[in-house]
Every structure is written in structure tokens, then in C-alpha cells.
Amino acid sequence: MSVVVGIDLGTTNSVVSYLKRGRAEVIPIDGKNIFPSVLSIRDGEIIVGSQAKARMMLSPETSVCSTKRDMGKDIAYDLGTEMFTPEDVAYYILKTIKEKAGSILEEKIDQAVITVPAYFTSEQREATKRAAERAGLNVLRLMPEPTAAALDYGIDQQRDQIIMVYDLGGGTFDISIMKVDKNEFEVLAVDGNSRLGGDDFDELICSRIYDKINDELGEDITSKKDKKYISALMKIRENAEKAKMDLSDLEEVEIIIPNLIDDYSFEMTLTRDEFNQLVEPLMEETIDKIYNVLKLANLTRDDIDRVLLVGGSTKMPIVKEKVRDSVKDPYVAPNVDEVVSRGAAIMAASLCVPETYDMAQINNEVNRTNEVNRVNEINGVNLDKKIIVKEKVVFTYGIDMLDENRKLYFRPIIKRGSTLPAKGAVLGYTSTPLQKSVVITIYRGESKSVKENQYLGELELDIVNVSEKNVPVCALFEIDENMIITFTSIEIPMTEEYRELMDSSGNDGGNMDVDLINKYLLEGKLKGKKIKIDAKAHLK
Ligand code: ADP
Ligand code: MG
């Protein structure tokens, strides 16, 4: 039998979970629940995870981390012997997770729900999906991280709720507001900072350490290029992160680094109060974003029913305090860095019920072990009803068209705020007699002028029934639940049979019946040309 898993492909760390006896459980890779999202080359061999993270310290020029920030962009990292795109790095991480988790469970893993930030564009989602498919994973769903977290928190399904998810990871901060209505999850607004995370908190402790060294040795070690200084900087960073983590449980820590530079040993005490003061500006920045996301969603703090904390950095007590002061007392899971992955595992199971999960068998097992008594309910989520994740498109998508004065304008087809999956089609005409082909240009944006919108790509369609008259051509947009866009252009023959399609439209580029067009395409009655939007052309 094969197992379906949920994977949180994180900027700093990735986590994989599956459903065991009706409970989401993390699969420890290399003995740890958290798998660093780092790739490194060692003696020509590609390594990922904890080993690569350790390697990063010794050999930063052949290692790379936080590549998720560049996902979907047309860039590559030069690691000396080889170049890697962000998608390649994701591929190696997913492949390793798939293989190692599979051998731990002694099961084949070939299907997964993978989480992505709620603000990820379709290009970034498509890149994530491609990486997973290369790794041999069939992607059941790409799911927004805050929704996955809400699933794991076992949101009370009985009533409508507005939920805020505060996710502070290693390198990114995401804040989202969601509406949960029974089994339906909808992201209402997102904001955040893709350059703010736990690393910045570490960096502030490092600065404090550099200052103290400067006082004691009269040396600014950050400006030195010698190997011994570089290795000292690495040690400082490692110790700073450790001190930060220890301060989540202790009121005071000693930072001791023996023989840091030659026979100079470093020693410093840091209290939690001092740390909190040090990081105040970073915390304030996250609080400003809270107010901003409320504004985006047109809500006030009183409208928020619950606040969920997600991400390793929310283990810092100051986060809880600040969130309590600015919104309300937050819910905190025991392992905030695992909730996204566990939620994804619940979603994966829900998508596979009843095909993959034999509920009767699981029930038997459960009764025997008496661990859980209702398995159609996972972490409070009722699996009798399917979990529905609603997402909205964040841009308006459309094409260029000519108006009566033969001037180009932007014709929206799928409007911003439409719920996914979304589709739409409009009818246009060739503009000159005996025209042999049409080129339709695709844009996204909110302006009436095509020039002010973002160019996404274009599609040239050869006209089969070349005519003195203007030939009707349909432009069809489809955005699936993974936010991946397919654009199709279709020539509509001027026969009686297709009159109904055109009647539903109008020659001003009115909307068309998408389902009917798709039916005709499937039956081969209409012929179209499709493109997936080129991810790389416009993210630079
Ligand atoms: P991401 O979502 O970016 O992949 P995680 O949610 O795994 O990352 O968070 C990683 C961050 O959490 C790191 O900066 C790490 O130092 C921080 N972190 C982990 N445990 C603690 C802790 N106990 N106290 C403070 N910070 C922590
Ligand atoms: Mg995360």
C-alpha cells in the first residue's frame, strides 16, 4: 500500500506528516521532525537537510538556503561545479523527503499535498508543482499554509469564524485572515514581509556580540577576510540562534564560546528582557502588518474570533505578549513549527477518503488500541464532509482587444477576488478581411490600459476558415484550484451549430458559455490552441 503525505516545503525548514490512526503525525527524517531546506555540494555529491545545514557553515560558497524566496524566478545559484534553480533545490528536498520518509514507514510515497504561502503567484505554484512531479510525487493539492495550520488546530466546525494566522518562520513573516464556515476555508486577506524572520532576530544578538568583541579586542571582526574570522562569525551565528531558542524557556542565558579567535574566549550574559528590548523594532513591524491585514480585509480586531500562532519563531514569548496586546490571546499548538505539515496531511487524507483509507480497517485498529474513537473525525475535522479550501485570485486576468475606434484596451476575463477554480471566456473577431491568424496578448492587472498591466504572454492562432468577413475567435481562461493558469484560443466556425455560443455573447467581446465551449472542444467539434502561462517571462 502507499501512503499519502502532507509536506510543508518551508523557507528554512521542511516537515512531512501522514495520518496514523486518525491523527496527523510527523515523520522524523534523519531522526528529526524538522528537515532544513538547505542544499550543499560535498565532494561533488549533492546533499540536503541537516548535513547540508552543517556544511553551510564550513563551505558557504557551495551551499544554498532560503531558496523558496526565489521560487518561480528565472535565476540560478552557482555552487561552483553546478548551477541550481530554486525549483531544482525544491526538487532535491522533496525527493529526499519522499525517499527517506518512505523507507521509515516502509511504504511507497507517491502522492502528497504540498503547502505554499497564500500569496504565492501561479508561476510560483507551478514551479513548486513541477519540482514535486520531478521528484515522483503526484500533487493532490497545493494548499495555502494558513489554511493547513487552521486544519491542524482543529478549528471548531460548528460556526462561522474569522481567524487570523500569524506565521513567523526563519526568514519570512506571513499574516493572513481566513473565514472558516463548517468545512469551508477561505483566505480573505494576506500580508507579510518575505525578508523578516527568525534569522533577523539571530542577527541582532550577533551584533551585540560583535560590539562586545570590539570593546574587548579592539577589532571589528565582521570586516576581516581571514579564514579564522570567517569561522568565528559562523560560530557566533550558531551560538546566537541557540541563545535565542534557550531564551524561549529561560529568563537568562550565558553565551560562552571557548577559543573563538586564537586563545580569546567569548563570554556574555543575555537576559530575556534585554533580548526583548533588542528585538522590539522587529516585533513592531509584525504588529504593523497585523493592522494592515485587518484593513485589507475591512475588519477590526473585534471581528477576529481566534488568532493562531504558526512557525518556529512564535515560540518566543514576546510574540505571544505582543499578539495578546494588539489583537487577543492567541492559540498556541505544542509544536508550532509542525502544524502546517500536519494540516496538509489531514487534507491529503481527506482528498483520498475513501479510496486510499479503508475506514473500516482503521476503525478496527483504533478500537483495538483504543487510541481514538472516531476516525471519521481527524483533529476535530469531520471527514464525512469534504474539506473545501477556497482561494481567491489576487489579480484580474484578461486580454487586449480593439474598441470601436480600433484602439487597444484591456478586457478583463477573470476578475480579482473570483473564487478558485475560476474560468471565463470572451468572444472577439479578426479585424481585417482575409486575416490568416490572430495574436491574443494576455495580461494581468487592474488598469483599463494594457500598457499599465503586466504582460504575461501571447498566443498566435491560425485561422482555418479565412474569410472576407470578420471571423469569431474565443479567448478562454481557466485558473485551477492550484492557481495554475491555462489560456486557450478557439476559432468559432460561422455555422448554425455555434450560433448559440455567439448569441450568448455579442460582438463587443461579451462573456461566453465556458462549459459549452469545453464540451465542444472535448468532442473535437471545436479546435483550439492552449498555452500555460510562461512563468519566467515576467517575474524578474
Ligand atoms: P520556515 O517556515 O521559515 O521554514 P520554521 O517555522 O521552521 O521556518 O521556523 C524556523 C525559525 O524558528 C528559525 O529561525 C529558528 O531559530 C526559530 N525557532 C525554532 N525554535 C525556536 C525557539 N524555541 N525559540 C525561538 N525561535 C525558535
Ligand atoms: Mg513555515
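Letter by letter, the sequence shown follows residues 1009 to 1548 of this note's numbering.
Ideal Cβ positions, reconstructed from N, Cα and C, are used throughout, including at glycine.
These numbers were taken from a predicted model, which means no experiment stands behind them.
- Collapsed DSSP secondary structure at Glu1069 in the structure displayed: helix
- Kindly give me the distance between the Cβ atoms of Lys1252 and Asp1210, rounded to whole angstroms, as I take these residues to be in contact under 8 Å. 6 Å
- Query: Under a three-way DSSP split, which group does Glu1107 fall into?
  - Reply: helix
- Message: For Asn1378 and Glu1134, what's the separation of their Cα atoms in angstroms?
- Response: At Asn1378 the pLDDT is 31, less than 50, meaning the model places this residue with poor confidence and gives no usable figure here.
- Item | Assigned secondary structure, Leu1113 (DSSP; H/G/I helix, E/B strand, else coil) | Of the three classes helix, strand and coil, the one that applies to Leu1113 here is helix, per DSSP.
- beta strand (DSSP E) containing Glu1249: first to last residue? Counting along the chain, Glu1249 falls outside any beta strand (DSSP E), though it belongs to the alpha helix (DSSP H) covering Lys1235 to Asp1254.
- Use the C-beta contact count for Lys1061: other C-beta atoms within 10 angstroms, 16 or more gives buried, fewer gives exposed. The Cβ neighbour count for Lys1061, taken over all protein chains shown within 10 Å, is at least 16; the residue is labelled buried.
- For Glu965, the first and last residue of its enclosing alpha helix (DSSP H): Residue 965 is absent from the model: the chain starts at 1009 and stops at 1548.
- May I ask you to check if the CB of Val1348 is nearer than 8 Å to at least one heavy atom of the ligand MG? yes
- Query: Which residue's Cα is closest to the Cα of Thr1019: Ser1045, Pro1036 and Val1097?
  - Reply: Nearest C-alpha to Thr1019: Ser1045.
- Task: Grab the span of the alpha helix (DSSP H) containing Ile1299 for me, first residue to last.
- Result: In the sequence as displayed, the identity of residue 1299 is Tyr instead of Ile. That run of the alpha helix (DSSP H) goes Glu1288 to Leu1304.
- Query: What's the C-alpha gap between Asp1296 and Leu1047?
  - Reply: If you draw a straight line from the Cα of Asp1296 to the Cα of Leu1047, it comes to about 34 Å.
- Task: For the alpha helix (DSSP H) holding Ile1395, just list the boundary residues, first then last.
- Result: Note, Ile1395: premise wrong, no alpha helix (DSSP H); not H, not E.
- Item | Integer-rounded CB distance, given that Val1479 should sit under 8 Å from Thr1449 | Not confirmed; about 18 Å, so no contact.
- Message: Is the separation between the beta-carbon of Glu1192 and that of Val1402 shorter than 9 Å?
- Response: no
- Spatial distance of Val1173 from Asn1413 (CA atoms): 49 Å
- Query: Is it a yes or a no for the segment 1292-1312 touching the segment 1135-1143, going by three-plus beta-carbon pairs under 8 Å?
  - Reply: no
- Item | Neighbour-count burial assignment, Met1291, 16 or more Cβ in a 10 Å radius | buried
- Tell me whether Asn1201 counts as near the ligand ADP, meaning its Cβ is closer than 8 Å to at least one heavy atom of that ligand. no
- Tell me where the beta strand (DSSP E) around Ser1022 begins and ends. Asn1021 to Lys1028
- Message: What does DSSP give as the partner residue(s) for Glu1194 in the beta ladder?
- Response: Lys1187 and Lys1398
- Task: Would you decide whether Ile1493 is buried or exposed? Buried here means 16 or more other CB atoms lie within 10 Å of its CB.
- Result: buried
- Message: Rounding to the nearest angstrom, what Cα-Cα distance links Leu1278 and Asp1182 in this structure?
- Response: Straight-line spacing of the CA atoms in Leu1278 and Asp1182 works out to 28 Å.
- Should Met1091 go down as buried or exposed, given a rule of 16 or more other Cβ atoms within 10 Å for buried? Per the 10 Å Cβ criterion, exposed.
- Message: Among the candidates Ile1049, Gly1226, Cys1214 and Gly1406, whose CA atom is the shortest distance from the CA of Val1458?
- Response: Gly1406
- Query: Is Val1318 near the ligand ADP, in the sense that its beta carbon is under 8 Å from a heavy atom of that ligand?
  - Reply: Remark: the shortest separation between the CB of Val1318 and any heavy atom of the ligand ADP falls under 8 Å.
- Query: Can you tell me where the beta strand (DSSP E) with Ala1483 in it begins and where it stops?
  - Reply: Pro1480 to Ile1487
- If you count every other CB in all the chains shown that lies within 10 Å of the CB of Ser1349, and 16 or more means buried, which is it? Buried, because 16 or more other Cβ atoms sit within 10 Å of the Cβ of Ser1349.
- Quick one: Cα of Lys1081 to Cα of Ile1112, how far? 34 Å
- Message: Please tell me whether Ala1341 and Met1151 are closer than 9 Å, where the distance is taken between their beta carbons.
- Response: no
- Message: Considering only heavy atoms of the ligand MG, does any lie closer than 8 Å to the CB of Thr1104?
- Response: no
- What residue range is occupied by the uninterrupted beta strand (DSSP E) comprising Ala1433? Note, Ala1433: beta strand (DSSP E), Ala1430 to Tyr1437.
- Assumed close pair Gly1320, Val1347 - CB separation to whole angstroms, cut-off 8 Å: Contact doesn't hold; Cβ gap of about 11 Å is too wide.
- Message: Tell me whether Phe1283, by its Cβ, gets closer than 8 Å to a heavy atom of the ligand ADP.
- Response: Checking the Cβ of Phe1283 against the ligand ADP gives no.
- Express the C-alpha separation of Tyr1100 and Gly1162 in angstroms, rounding to a whole number. 32 Å
- Query: DSSP beta-bridge partners for Asn1146?
  - Reply: Gln1119
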